[in-house]
Amino acid sequence: METTGFSSPRADAFPAGLRVLVVDDDPTWLKILEKMLKKCSYEVTTCNLAREALDLLRERKEGFDIVISDVNMPDMDGFKLLEHVGLEMDLPVIMMSVDGETSRVMKGVQHGACDYLLKPIRMKELRNIWQHVFRKRIHEVRDIESHEGLEEIQMMRNGMEQFDDGYLFCGADLISGKKRKDVDNKQDDRHCGDPSSVKKARVVWTVDLHQKFVKAVNQFGFDKVGPKKILDMMGVPWLTRENVASHLQKYRLYLSRLQKENELKASFVGMKQSDISSKDTAGNVCLQNSSTTSQNNVTNGSYVVCGNKIPIKNVDSKICGEDMKIASVQMAEPKEALIGDVTDPQKSSNSRIGLNHSFAQIGADVKYEPKIPARYSWTDVPPVKFNQEHKPHFQSQSWRAEVQPVQFKQEEHKPHFQSENSFSHLPLARNHIQVDCTEPILSHHPIPSTNEKDKQADISPNCITSRSQGIRIVAPVESTAELFSVKPESHLTVCQEFEPIPCSMWNTKNHSLEHILLNDLDSSQRNLILGTGSGFRLWDEELQGYSPQGGFHPQNAGFENIESLAYNNQELIADVPPLLYDSLNFDYGNPSETMEYPVMDQGLFIA
Amino acid sequence: MERNLHKQLDNMKKSLIDQGYLDEQFIQLEELQDEANPNFVEEVVTLYYRDSARLIQNIEQTLEKIPLDFAKLDNYMHQFKGSSCSIGAKKLKNECTQFREHCKTGNGDGCKRTFQQLKKEYAALKKKLEHYFQFARQAGPIEKACRPK
C-alpha cells in the first residue's frame with residue numbers, strides 16, 4: 002500500500018530516505034547514530050543542542066519525519082524538547098537514554114514519545130524506526146479518508162440538490178471537531194472503506210460482552226467501579242484492562258448523555274438513513290446491515306456503510322458516540338459477507354430486513370432496538386398491526402434512562418428478517434416509511450387515514466395521508482415519537498436517534514430531510530432522510546407539495562443520526578428499477594421521556 | 015603476513031572482550047566501519063576520549079567540593095556512562111553504575127573510591143585501544159579485504 006506520501010525525494014523507496022533528526026549532547030553518540038542511520042539509508046541531521054534542534058525543526062517544518070532525542074541534555078531537558086516537538090510539529094519522537102528506569106521511560110511516554118530506546122542503541126532498533134512514521138501516516142490517511150468520505154457525502158448531497166436546490170444537508174458540516182473525531186473512529190472500526198488501511202485489532206463489544214460488562218458495573222456500583230474490577234469480574238481472558246477502561250469511559254459518557262437528554266426533553270435528534278436503492282442493491286444493504294447488527298461495536302456513531310454501491314452512511318457522532326451505539330458500527334464488517342448473499346434478486350426481502358437493521362441499529366442507540374425490529378413486520382401486515390406493535394414496544398421499552406444502552410438483541414433481529422423474507426413481493430416496490438418522532442412541541446393530529454400510529458399532527462401527515470394511508474396521531478402529549486410507515490411500494494425506514502442537540506441543529510437537519518424527501522418524491526430513487534423537530538414541519542409542507550407526485554418512493558432511505566449524513570446514491574438509483582422499496586424509519590424520542598410520553602408511531606403506506 | 019596481522023588483531027579484540035574491557039557494542043562499531051569510514055571505530059573512540067576527558071574533570075572537581083553534590087555527580091556520571099556504553103567500554107560502564115549507586119546512597123567515600131578505580135580503567139582501556147588501533151593500521155583495511163563473505 003502506498004499510503005506514505007513523503008515529501009522527501011525518495012518517497013518511493015520508503016523507508017529509505019526517512020529524514021531523521023538526531024539530538025544528543027554526546028558527540029560520540031551523535032557520530033555513531035549518524036553512521037547507523039545512514040546505513041539504514043535514512044537522511045540524517047545531527048544536533049548536539051536541544052534548543053538548536055528546536056530551532057531547526059521550526060525553521061524547516063516538514064523537513065523531518067522523525068526525531069530521536071537523548072533524554073539528558075544540558076541545555077534543555079529531553080522531555081521538554083519532546084513536548085515542544087509534539088505540540089509544534091506533531092512529529093514522532095524517539096527518546097533514548099542509558100537509563101532504563103521504569104519511571105523515566107514512563108515519563109517519556111507520557112510526554113508523547115513514541116518509543117524509548119536504551120543505550121547502547123543497536124542498528125536493528127534504528128532500522129525499525131520508520132514504523133513510527135508509517136504508523137502516523139496511516140492515521141493521517143485514515144483521517145483523510147474519512148474526510149473524503151464526508152466529501153463523498155457532500156457530493157451525493159449535491160446530486161440531490163439537482164432535484165432540490167434549496168437545501169443542503171448540514172449533517173456533515175455540523176459536525177464539530179469532536180464529532181469529526183468520532184467519525185474517524187468509526188471509520189477505524191469499519192472495514193468497508195479501505196482494505197488498504199491497517200487495522201488495529203479492536204475489541205468488538207458484542208452484546209454478550211457488553212452485558213457482561215454492564216453486569217460487572219452494576220455489581221460494583223457505578224461510582225466505585227474501575228476497569229480492573231470489571232475486567233476481573235467479566236472473566237474474559239483476552240480482554241485487557243485498557244479495553245475495559247476505554248469501554249467504561251464511553252459508557253460513562255453515554256450515561257451522562259442520557260442524563261442530559263432527560264433534562265432536555267426536546268427532541269429528536271438523530272436520524273439514520275438507510276438507503277436501499279434497488280431490490281438487489283437494497284438487499285445488499287440490508288444484508289449488510291443485518292450482519293452488522295450482530296456485531297456490536299463500541300463505536301459511537303453509527304456509520305452505516307453501504308456495501309458495494311449502496312451509499313448508505315449514517316454518521317451519528319453525537320448520540321451514538323459515546324453510547325456505543327453499537328448498531329451503526331456493526332454495519333461495517335459484517336457487510337461483506339452478507340453482500341455476497343444478497344445478490345439474489347429475490348432476496349429483496351432480505352433487503353428489507355436490512356432496513357430493519359438499520360432501524361434496529363438506530364433503535365439500539367435508543368435502546369429499544371430489539372423491539373423495533375419486531376415492529377417492522379415488513380411483511381405485508383397491515384399498517385395497523387404496526388401501530389399496535391409499536392406502541393407497546395415503546396412503552397415497554399420506555400427509553401429508559403437506564404444505562405444499558407448497548408444491549409441489542411441481535412437475535413431478535415434476525416428472526417425478523419427471516420420473517421421478512423415473506424416480503425419477497427417487495428421487489429415490486431414498496432416504500433415503507435416509519436417515522437418516530439418525539440417532540441414535545443409538535444402538535445399531533447390524528448389522521449384518519451393512518452391508522453396505526455400516532456403522528457404529530459403538525460407534520461404534514463396530510464400529505465402523507467394523501468398517498469398513504471393512515472397515519473394516526475396517537476400521542477396526545479407534546480413529546481411523541483412518531484413512526485411513519487409509508488408503504489408505498491418502496492419501503493422506507495427511518496430511524497432517528499435521540500440527541501440532546503440544540504434545536505438549531507435540528508432545523509438544519511430537518512432541512513436536509515426535507516430535501517431528501519422532496520427528492521424522493523421527485524424521483525422514487527433516493528434516500529429519505531427525515532429530520533424531525535422544527536424541520537419537521539417544513540418537511541411536511543414540502544411533502545404536501547410533492548405529495549401529488551407519485552408519492553414517496555424513496556428507494557433509499559437513509560437515516561443519519563444527529564449529524565445525519567444522507568446519502569443518496571444516484572448511481573444506485575439509476576440502476577435500480579423504479580420499484581424499489583425504501584424503508585424509512587424515524588424514531589424520535591428521548592429515551593427517558595419516552596416512557597413518560599406516549600409514543601406515537603405512524604405508519605404510512607403508500608400503495 | 016597481512017593475514018597474520020589480522021589474526022592477531024582478532025585475538026587482541028577477543029581478549030579485550032574476554033577480559034571484560036569491551037562488549038558487543040564494540041563489535042557493532044566495527045561492523046559500521048566501511049569504505050566511507052575505514053577508521054570509523056578509531057574515530058569514535060578518539061572522540062569518546064576527547065569528550066569524556068571533560069566529564070572526568072568535572073567529576074573530579076565536583077568531588078572536591080564539600081558537601082558533595084550527589085545530584086550533580088550523578089548527572090555527570092550518567093553522561094559518562096552513556097558515553098562509555100557507546101564504545102562498549104564495559105568495565106567503565108560497570109564502574110559508572112557503581113558510582114551512581116554510591117550517589118544514591120550518599121556514600122561520598124564510595125564515590126571517591128570508585129572514581130579512582132574508574133580513572134584507572136579509563137586509562138587502561140585507552141592504552142589497550144591505542145595499541146589495538148595501531149595494530150589495526152598496520153594490518154590495513156581488514157574487513158572487506160580479508161573476510162570472505
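Just so you know, the protein sequences line up as chains A and B, in that order.
The first sequence begins at 2 in the numbering used here and counts up one residue at a time.
The second sequence begins at 15 in the numbering used here and counts up one residue at a time.
Yeah, the Cβ is synthetic: ideal placement off N, Cα and C, and Gly gets one too.
Being a predicted model, the structure only gives us computed values, none of them experimental.
Minimum Cβ-Cβ distance from residue i to chain B less than 8 Å
i         : result
A/Met-107 : no
A/Val-330 : Low confidence applies here, because A/Val-330 scores a pLDDT of 38, under 50, leaving its location unreliable and the question unanswered by this model.
A/Asp-78  : no
A/Asp-233 : no
A/Val-99  : yes
A/Arg-123 : yes
A/Asp-27  : yes
A/Lys-81  : no
A/Asn-49  : no
A/Lys-32  : yes
A/Lys-40  : yes
A/Asn-73  : yes
A/Lys-120 : yes
Local conformation of residue i per DSSP, three classes
i         : result
A/Asp-78  : coil
A/Ile-130 : coil
A/Asn-219 : helix
A/Ser-42  : coil
A/Cys-115 : coil
A/Leu-22  : strand
B/Thr-111 : helix
B/Leu-77  : helix
B/Glu-44  : helix
B/Asn-53  : coil
A/Leu-88  : helix
B/His-119 : For the record, residue 119 of chain B in the displayed sequence is Thr; it is not His. Here B/Thr-119 sits in helix by DSSP.
A/Val-68  : strand
Neighbour flag for residue i against chain A, beta carbons, 8 Å
i         : result
B/Asn-53  : no
B/Gly-102 : yes
B/Cys-99  : yes
B/Gln-71  : no
B/Gly-96  : yes
B/Asp-65  : yes
B/Tyr-146 : no
B/Gln-39  : yes
B/Leu-43  : yes
B/His-92  : yes
B/Leu-30  : no
B/His-61  : According to the sequence as given, residue 61 of chain B is Leu; it is not His. Taking Cβ atoms only, chain A reaches closer than 8 Å to B/Leu-61, which makes this a yes.
Sequence-distant residues of the same chain with beta carbon closer than 7 Å to residue i, five excluded per side
i         : result
A/Glu-35  : Val-23, Val-45, Thr-47
B/Asp-88  : Arg-114, Cys-117
B/Leu-106 : Ser-98, Leu-132, Glu-135, Tyr-136, Leu-139
A/Met-77  : Ala-51, Arg-52
Distance CB(residue i)-CB(residue j) smaller than 8 Å
i         : j         : result
A/Leu-249 : A/Leu-240 : no
A/Ile-67  : A/Ile-130 : yes
A/Leu-83  : A/Ser-70  : yes
A/Leu-118 : A/Met-90  : no
A/Gly-64  : A/Arg-136 : no
B/Lys-95  : B/Asp-37  : no
A/Val-99  : A/Lys-120 : yes
A/Cys-115 : A/Val-86  : no
B/Lys-142 : B/Leu-30  : yes
A/Met-234 : A/Gln-220 : yes
Spatial neighbours of residue i in its chain, beta-carbon cut-off 8 Å, leaving aside the 5 residues before and after
i        : result
B/Leu-23 : Tyr-146, Phe-149, Ala-150, Ala-153, Ile-156
B/Glu-57 : Asn-51
B/Tyr-90 : Leu-69, Asn-72, Ile-73, Thr-76
Of the listed residues the options, nearest to residue i (C-alpha basis)
i         : options                                   : result
A/Val-72  : A/Lys-225, A/Gln-220, A/Trp-30            : A/Trp-30
B/Asn-72  : B/Leu-19, B/Leu-143, B/Thr-119, B/Phe-129 : B/Phe-129
B/Leu-46  : B/Lys-79, B/Ile-101, B/Leu-77, B/Ser-29   : B/Ile-101
A/Lys-125 : A/Val-94, A/Asp-100, A/Lys-40             : A/Lys-40
B/Leu-82  : B/Tyr-62, B/Thr-119, B/Ala-103, B/Glu-144 : B/Thr-119
A/Arg-52  : A/Lys-62, A/Tyr-255, A/Pro-75             : A/Pro-75
A/Pro-28  : B/Arg-17, B/Ile-80, B/Gln-93              : B/Gln-93
A/Tyr-252 : A/Val-110, A/Val-237, A/Trp-206           : A/Trp-206
B/Ile-41  : B/Leu-61, B/Val-55, B/Glu-49, B/Gln-33    : B/Val-55
Other residues of its chain near residue i: CB distance less than 6 Å, five sequence neighbours each side excluded
i         : result
A/Val-245 : Pro-228, Ile-231, Leu-232
B/Lys-86  : Thr-76
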